[in-house]
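Undergrad:
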Ligand SMILES: C[S@@+](CC[C@H](N)C(=O)[O-])C[C@H]1O[C@@H](n2cnc3c(N)ncnc32)[C@H](O)[C@@H]1O
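Residue numbers (this note's numbering): 28 to 235.
(1) Could you give the uninterrupted runs of the alpha helix (DSSP H) lying entirely in the stretch 104 to 156, keeping only those of 4 residues or more?
(2) Based on the DSSP secondary-structure assignment, which residues constitute the bridge partners of residue 87?
(3) Which value, in whole angstroms, describes the spacing of the CA atoms of residue 196 and residue 102?
(4) Just verifying my parser: in three-state terms, what is the DSSP assignment at residue 167?
(5) Please tell me whether residue 185 and residue 213 are closer than 8 angstroms, where the distance is taken between their beta carbons.
(6) DSSP three-state label for residue 98, please.
(7) From residue 157 to residue 171, what does the alpha carbon distance come to, in whole angstroms?
(8) Any heavy atom of ligand 1 closer than 7 angstroms to the Cβ of residue 138?
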């Protein structure tokens with residue numbers, strides 16, 4: 028008989044420890060943190076009663092007192108030190124269709140498959156629900172490279188309308204924000220093609 032099963036595996040093998048999220052560390056030096064902008068936006072959106080924080084990190088939204096009357100579901104690949112995260116891939120969110128009023132992606136469209144995260148957000152949002160996104164500017168805009176219009180078009184093709192006051196990224200900004208409302212279910216395109224999401228650049232980490 029082999030040694031398998033004789034001893035329980037060490038906890039460190041069964042339960043991965045929370046890992047730090049380097050980009051969040053980087054945002055500490057920014058004049059405004061995107062998550063604070065998300066919180067401000069949620070406060071000004073009273074219809075956002077049930078919130079999905081997708082790629083929540085330390086789940087700051089759910090720990091904000093002034094949003095305590097809302098229900099916030101936290102999802103991330105990693106558990107955090109507060110133990111209040113549903114650990115999953117946000118390409119496959121354990122919530123029913125049309126079950127939330129607002130989805131937040133705060134610096135969390137990280138994978139090359141980020142389009143699948145947005146498709147999941149479209150599935151779990153009710154019609155009339157809101158989608159709020161913040162991303163690092165350099166991932167989408169650098170000199171002549173600007174994929175923000177393509178990103179907006181791809182998200183609109185999922186059944187959303189962009190309601191951001193400006194779709195332009197302010198010069199010198201660390202991050203950009205986009206807001207959408209879900210106008211209905213995605214219309215099947217004539218030829219059934221998948222939505223084409225533009226490639227976002229990887230984050231450049233800097234020691235500050
Ligand atoms: C830069 S951190 C932002 C955390 C938080 N939203 C904030 O603004 O403080 C990005 C987070 O997205 C999570 N994330 C990235 N891809 C993910 C995926 N496919 N499924 C679940 N979480 C993901 C990471 O684990 C990380 O916690």
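Glycine included, each C-beta is placed from N, C-alpha and C at the ideal position.
TA: With the given structure in hand:
(1) 141 to 151
(2) Along the chain shown, read from residue 1 onward, the residue named residue 87 stands at position 60. DSSP lists no partner for residue 87.
(3) By 1-based counting over the chain shown, the position of residue 196 is 169. By 1-based counting over the chain shown, the position of residue 102 is 75. For residue 196 and residue 102, the distance between alpha carbons rounds to 27 angstroms.
(4) Stepping through the chain shown from its first residue, residue 167 is reached at position 140. If DSSP states are grouped into helix, strand and coil, residue 167 belongs with the helices.
(5) If you number the chain shown from 1, residue 185 lands on position 158. If you number the chain shown from 1, residue 213 lands on position 186. Yes, they are a contact pair.
(6) Within the chain shown, numbered from 1, the residue matching residue 98 stands at position 71. In this structure, residue 98 counts as strand in the three-state DSSP scheme.
(7) Working through the chain shown from its first residue, we reach residue 157 at position 130. Working through the chain shown from its first residue, we reach residue 171 at position 144. If you draw a straight line from the Cα of residue 157 to the Cα of residue 171, it comes to about 30 angstroms.
(8) Position 111 of the chain shown, counting from 1, holds the residue named residue 138. Yes; taking the cut-off as 7 angstroms, the Cβ of residue 138 has a heavy atom of ligand 1 nearer than that.
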